[in-house]
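Trainee:
Residue numbers (the working numbering), protein chains in the order written: chain S, 29 to 147; chain R, 146 to 897; chain V, 490 to 628.
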């Protein structure tokens with residue numbers, strides 16, 4: 029299972045890089061979401077996979093009974109998902125405003141900060 | 146000047162620094178008896194205990210001498226500046242900078258910890274930069290300020306490197322502990338790198354050849370700054386460093402010869418260049434260089450004579466040079482020029498100034514009974530004590546002293562005597578606040594000359610002890626030491642100096658002729674800067690094309706090369722056997738995610754892409770459920786919902802994806818594939834090794850008994866790692882504020 | 490959107506989502522849930538409401554400005570962290586008070602940890618609504 033997940037993460041990374049390089053802000057955003065998914069899965073995978081034993085302590089017990097899933101990467105991934113969403117929302121709005129102002133989402137045509145003449 | 150104006154200079158901005166400096170001076174004076182008795186004072190506050198950085202300050206002879214010079218001359222210079230800059234728009238800024246500099250310089254000489262010393266060292270560099278560029282509307286001032294900052298800044302970096310090497314070699318950053326281990330550095334294999342770095346720092350700060358060129362340019366600063374920073378105190382920080390490190394680094398041939406040669410070359414070159422100048426301030430700047438060279442030369446030795454000479458000369462020079470700079474400021478103020486050929490006969494209009502100048506100049510020229518004479522005698526004695534090459538060294542000292550004699554005449558006698566010159570303004574005596582400084586400093590030079598014992602036992606002896614790290618080496622300060630070789634050399638100096646003074650006009654013409662035809666380091670500096678700029682422009686054009694795709698490609702390519710390259714170079718690729726261990730129900734999930742991913746990448750419809758992303762996101766949420774992460778799964782699902790909502794709101798108002806795009810992007814695909822394969826390979830190796838669950842074990846064990854929570858993930862978030870979570874929600878809030886600001890600002894050009 | 494069914498449904502849904510989100514927040518310390526999840530749930534409730542009835546109504550229903558809610562949340566979280574210092578602990582150490590505790594029952598637990606989680610809830614809710622509302626209003 030770990031191996032298949034590794035392949036999946038690799039595929040997510042490849043797909044996101046390909047999308048981000050497309051030179052179109054909307055595709056870039058798609059790539060950003062995929063990349064943040066890949067990163068979250070990586071952290072999750074690196075903590076080990078444990079099916080069917082959530083990190084909860086049952087009533088009356090002092091600690092978890094038996095081996096339960098690794099709680100630390102879960103906590104990290106949980107906040108990472110929320111922060112990734114914040115980043116995505118900000119990037120989306122940035123793209124939205126860029127389109128409003130410049131009238132294009134083609135990054136090759138976005139040359140306000142570094143105009144062609146500067147070369 | 147009207148009386149109302151002369152009252153107005155008594156401002157808080159002008160006088161507060163005077164009060165601070167005077168208070169400090171009195172405080173330091175109280176330490177004199179303690180230090181003279183052979184004790185040292187030390188005060189330690191812990192600062193960064195984890196890194197061994199303490200705020201430790203020490204007062205011994207060396208730091209006390211410097212501290213007295215800094216605070217004493219500081220008080221006089223600040224009083225002078227209060228009057229000099231009265232009514233200036235930026236007078237408050239000037240006072241703040243000058244006071245900051247004084248405190249930084251005091252911190253530098255009082256620090257017992259090398260890292261603290263470094264911080265203060267850099268603070269003096271920065272304040273010096275701001276003060277040289279004080280008149281920031283002048284291009285010349287800005288250039289000079291930047292030049293001083295860059296040259297001394299390089300020295301600062303070298304000092305930091307040296308300090309780190311010293312720390313690793315000796316195991317301590319405390320100077321007092323370092324002095325207790327005499328051979329720890331000289332015997333180390335790192336001795337040469339340490340020495341080179343320390344000397345680079347000292348030579349750039351104290352403007353030794355070939356780093357001397359910034360100091361004359363620094364004269365763009367207001368005259369009180371030149372008097373204070375670039376003559377009496379800051380440029381001596383390098384000398385201080387050499388003196389401070391003397392016990393730990395001296396005694397080797399490299400030390401001896403580097404310091405002797407650099408010092409001798411600087412002192413001779415600078416004294417010749419001083420005769421060439423027509424601007425009084427520049428002439429003085431070069432004599433400062435000459436003095437710094439002489440001090441470096443003397444510190445190359447470890448004999449009592451040389452070190453006593455260095456300490457005495459240090460004090461003498463600070464007194465007369467600060468006095469002369471201040472005098473020139475008064476002349477400049479009163480006549481409107483500093484050109485030597487336009488000034489003469491000023492004594493009738495400016496008698497007090499002329500008297501102070503004369504006394505200071507006599508000390509500088511080395512006439513008895515001034516302290517300068519004792520300093521010069523000791524210099525000769527010290528030079529002769531250089532065992533290996535006494536003739537050469539004494540010759541250099543003789544030549545520079547004779548030139549010094551001539552320059553003293555040019556600077557301090559010529560403008561005041563003879564028939565009246567034609568300055569732009571009719572000469573007028575300076576106000577008392579500006580006269581006090583030169584008069585007191587020149588007077589002290591005379592007083593200490595007649596009563597050398599006043600400073601000999603109190604300051605010179607403890608300082609020599611501190612530099613040589615053993616007591617009893619200091620030589621006595623005597624006005625009359627009998628007829629000996631130093632005395633004969635003194636007489637030779639006077640004769641040669643008088644001769645050079647008589648010939649100084651043709652000499653100057655000749656020197657100007659020569660220097661105009663030889664390339665200068667200052668010109669080379671411009672070339673060097675232009676070269677650096679050209680390299681920057683070239684690499685900027687290479688990397689920063691302004692096209693986002695290329696930036697991203699470079700970034701990803703760098704990541705790929707770094708990861709894959711490391712794997713290959715370390716020969717670390719060790720893939721485990723691939724075993725198919727997939728249950729059919731899991732297999733379906735993976736197929737679903739792969740399909741969603743493929744759809745997102747391939748499609749040219751926005752809706753389809755968003756749907757594909759949704760499939761991927763929900764599939765991943767299912768994975769989280771499958772592997773016992775209910776909290777994460779719920780979060781993922783909710784966030785996926787919100788992403789769809791946001792896309793619905795914004796993305797569908799954006800244009801369609803371009804059909805066909807830019808064709809089949811071969812290299813992009815290769816890079817993407819390469820990164821994906823590398824990631825998979827690394828993960829395969831990571832997952833094949835066991836997971837360290839030590840931290841998790843702690844959280845599991847402590848979650849209920851200590852934090853009263855049964856959901857371990859939540860307990861980690863809100864209790865064990867609450868500070869982390871706090872930072873994260875702050876980030877979310879910042880993203881929201883940023884988005885809000887972006888959306889609520891009025892767009893420049895509304896698209897239909 | 491002017492669908493009566495959607496508007497009526499959304500009003501009901503937002504109430505249900507809010508109650509459910511509070512439930513998730515409170516139980517979060519012992520069962521799956523917590524501030525992040527609760528905040529996201531509440532935000533989605535209001536987002537649905539905004540889609541159905543418009544952001545103006547949604548803002549009115551929320552009563553406070555989303556950015557103020559988020560700011561208050563961050564303040565509460567910080568307060569929860571700083572309170573530990575009052576009892577002389579390191580910052581962000583959880584402080585607990587059990588109301589009516591007996592030998593067998595711990596009673597009602599009150600803690601700075603819960604306060605912290607409420608802060609997280611409010612930040613997530615406020616930040617997301619701030620983004621979504623202003624985006625909805627901009628298009």
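All residues carry an ideal CB built from backbone N, CA and C; glycine is no exception.
1. Any idea what DSSP makes of residue 499/V, helix, strand or coil?
2. Between residue 451/R and chain S, is the shortest Cβ-Cβ distance under 8 Å, so that the two count as touching?
3. Looking at the structure shown, is residue 215/R part of a helix, part of a strand, or coil, going by DSSP?
4. Report yes or no: do the segment 853 to 872 of chain R and the segment 518 to 529 of chain V share at least 3 C-beta pairs separated by less than 8 Å?
5. If I'm right that residue 885/R touches residue 619/V with Cβ under 8 Å, what's the distance once you round it to whole angstroms?
6. Does DSSP put residue 836/R in a helix, in a strand, or in coil?
7. From the beta carbon of residue 53/S, is the nearest beta carbon of chain V less than 8 Å away?
8. Under 8 Å, Cβ to Cβ, is there at least one residue of chain S near residue 803/R?
9. Mark residue 172/R as exposed unless 16 or more other C-beta atoms lie within 10 angstroms of its C-beta, in which case mark it buried.
10. Please report the residue range of the beta strand (DSSP E) in which residue 810/R lies.
11. Along the segment 779 to 792 of chain R, what residues have a CB closer than 8 Å to any CB found in chain V?
12. With residue 654/R as the anchor, note down where its alpha helix (DSSP H) starts and where it stops.
13. To which residues of the same chain is residue 624/R closer than 8 Å at the C-beta, ignoring the five residues directly before and after it?
14. Does the CB of residue 557/V have a neighbour CB from chain S at under 8 Å?
15. Looking at residue 880/R and residue 532/V, is the spacing between their C-beta atoms short of 8 Å?
16. Does any residue of chain R bring its CB to less than 8 Å from the CB of residue 67/S?
17. Going by alpha carbons, who is nearest to residue 937/R out of 538/R, 543/R, 463/R?
18. Under a CB-based cut-off of 8 Å, is residue 492/V close to chain R?
19. Going along chain R in order, which residues have a C-beta closer than 7 Å to the C-beta of residue 606/V?
20. In three-state terms, what does DSSP make of residue 192/R?
21. If the cut is a Cβ gap below 8 Å, which residues of chain S does residue 540/V touch?
22. How long is the line joining the alpha carbons of residue 326/R and residue 315/R, rounded to whole angstroms?
23. Of the residues 383/R, 391/R, 384/R, which one's Cα is nearest the Cα of residue 330/R?
24. Tell me the DSSP secondary structure of residue 526/V in three-state form.
25. Please check if any C-beta of chain V sits within less than 8 Å of the C-beta of residue 114/S.
26. Helix, strand or coil for residue 459/R per DSSP?
27. Indicate whether at least one CB of chain S lies closer than 8 Å to the CB of residue 613/V.
28. Return the residue from the list 279/R, 394/R, 384/R that minimises the CA-CA distance to residue 323/R.
29. For residue 354/R, is the classification buried or exposed, using 16 other Cβ atoms within 10 angstroms of its Cβ as the cut-off for buried?
30. Can you round the beta-carbon distance between residue 289/R and residue 159/R to whole angstroms, since I take them to be within the 8 Å contact cut?
31. For the structure I just gave you, are there three or more beta carbon pairs, one from the segment 446 to 465 of chain R and one from the segment 610 to 619 of chain R, closer than 8 Å?
32. List, in chain order, every chain S residue whose beta-carbon is nearer than 8 Å to that of residue 683/R.
33. What's the gap between the Cα of residue 535/V and the Cα of residue 512/V?
34. Quick one: which residues of the segment 760 to 780 of chain R get their C-beta closer than 8 Å to a C-beta of chain V? List them in chain order.
35. So, do the segment 92 to 104 of chain S and the segment 128 to 135 of chain S have three or more beta carbon pairs nearer to each other than 8 Å?
36. If you measure from the beta carbon of residue 532/V to each beta carbon in chain S, is any gap under 8 Å?
Mentor: The structure says:
1. Position 10 of the third chain, counted from the start, is the residue given in the question as residue 499/V. In the structure shown, residue 499/V sits in a helix (DSSP, three-state: H, G or I).
2. In the second chain, residue 451/R corresponds to position 306, counting from 1. Interface flag for residue 451/R against chain S is unset, since no Cβ pair is found closer than 8 Å.
3. Within the second chain, numbered from 1, the residue matching residue 215/R stands at position 70. Here residue 215/R sits in helix by DSSP.
4. Contact between the segment 853 to 872 of chain R and the segment 518 to 529 of chain V is present, because at least three Cβ pairs lie under 8 Å.
5. Stepping through the second chain from its first residue, residue 885/R is reached at position 740. Stepping through the third chain from its first residue, residue 619/V is reached at position 130. Indeed they touch by this definition, with Cβ atoms about 6 Å apart.
6. Indexing the second chain from 1 puts residue 836/R at position 691. Coil, per DSSP.
7. In the first chain, the residue the question calls residue 53/S occupies position 25. Cβ-Cβ to chain V under 8 Å: no for residue 53/S.
8. For the purposes of this step, residue 803/R is taken as the residue at position 658 of the second chain. At least one chain S Cβ lies under 8 Å of residue 803/R.
9. Working through the second chain from its first residue, we reach residue 172/R at position 27. Under this definition residue 172/R is an exposed residue.
10. Sequence index remark: in the second chain, residue 810/R carries index 665 (1-based). Following the DSSP letters along the chain, one finds residue 810/R in no beta strand (DSSP E), marked with neither H nor E.
11. Answer in chain order: 779, 780, 783, 784, 786, 787, 790, 791.
12. For the purposes of this step, residue 654/R is identified with residue 509 of the second chain, where counting begins at 1. Counting along the chain, the alpha helix (DSSP H) containing residue 654/R begins and ends at 649 to 662.
13. Your numbering for residue 624/R matches position 479 in the second chain. A distance below 8 Å between beta-carbons, with the five flanking residues on each side excluded, links residue 624/R to the following residues of its chain, in chain order: 513, 514, 518, 519, 594, 595, 597.
14. The residue you call residue 557/V lines up with position 68 of the third chain. Output row for residue 557/V: interface = no.
15. Position 43 of the third chain, counted from the start, is the residue given in the question as residue 532/V. Position 735 of the second chain, counted from the start, is the residue given in the question as residue 880/R. No, these two residues do not count as a Cβ contact at 8 Å.
16. The sequence position of residue 67/S within the first chain is 39, counting from 1. For residue 67/S, no Cβ of chain R is located within less than 8 Å of the residue's own Cβ.
17. The structure shown does not extend to residue 937/R, since chain R is modelled only from 146 to 897, so the question has no answer here.
18. Walking along the third chain from the start, residue 492/V turns up at place 3. No, residue 492/V does not count as interfacial toward chain R.
19. The residue labelled residue 606/V in the question sits at position 117 within the third chain. Against chain R, a Cβ distance below 7 Å from residue 606/V picks out 863.
20. Looking up residue 192/R in the second chain gives position 47. In this structure, residue 192/R counts as strand in the three-state DSSP scheme.
21. Start at 1 with the first residue of the third chain, and residue 540/V comes out as number 51. Near residue 540/V there are no residues of chain S at all, since even the closest Cβ is about 16 Å away, more than 8 Å.
22. On the second chain, position 181 is the one that residue 326/R refers to. On the second chain, position 170 is the one that residue 315/R refers to. Per the coordinates, the alpha-carbon of residue 326/R lies some 8 Å from the alpha-carbon of residue 315/R.
23. The count along the second chain starts at 1 and reaches residue 330/R at position 185. Checked all of 383/R, 391/R, 384/R; the closest Cα to residue 330/R is 391/R.
24. What you label residue 526/V is simply residue 37 of the third chain in a count that begins at 1. In the three-state DSSP reduction, residue 526/V falls in the helix class (H, G or I).
25. Counting from one through the first chain, the residue named residue 114/S turns up at place 86. Residue-level contact check: residue 114/S touches chain V, since one or more beta carbons of chain V fall below 8 Å from its beta carbon.
26. Taking the first residue of the second chain as 1, we reach residue 459/R at position 314. Residue 459/R falls in the helix class under three-state DSSP.
27. Start at 1 with the first residue of the third chain, and residue 613/V comes out as number 124. It does; some Cβ of chain S falls within 8 Å.
28. Along the second chain, read from residue 1 onward, the residue named residue 323/R stands at position 178. Nearest of 279/R, 394/R, 384/R to residue 323/R, Cα basis: 394/R.
29. Looking up residue 354/R in the second chain gives position 209. Result: buried.
30. As a first step, residue 289/R is located in the second chain; it is residue number 144 there, counting from the start. As a first step, residue 159/R is located in the second chain; it is residue number 14 there, counting from the start. Actually they are not in contact, since the Cβ atoms of residue 289/R and residue 159/R sit about 25 Å apart, beyond 8 Å.
31. Because the criterion of three Cβ pairs below 8 Å is met, the segment 446 to 465 of chain R and the segment 610 to 619 of chain R touch.
32. To locate residue 683/R, count along the second chain from 1; it is residue 538. Neighbours of residue 683/R on chain S: none; closest Cβ ~12 Å, over 8 Å.
33. Sequence index remark: in the third chain, residue 535/V carries index 46 (1-based). Sequence index remark: in the third chain, residue 512/V carries index 23 (1-based). Each residue's Cα considered, the two are about 17 Å apart.
34. Under the 8 Å Cβ criterion, the segment 760 to 780 of chain R contributes 775, 776, 779, 780.
35. Flag = no, the segment 92 to 104 of chain S and the segment 128 to 135 of chain S do not touch.
36. Residue mapping note: residue 532/V aligns to position 43 of the third chain, counting from 1. Chain S contact via Cβ: absent.
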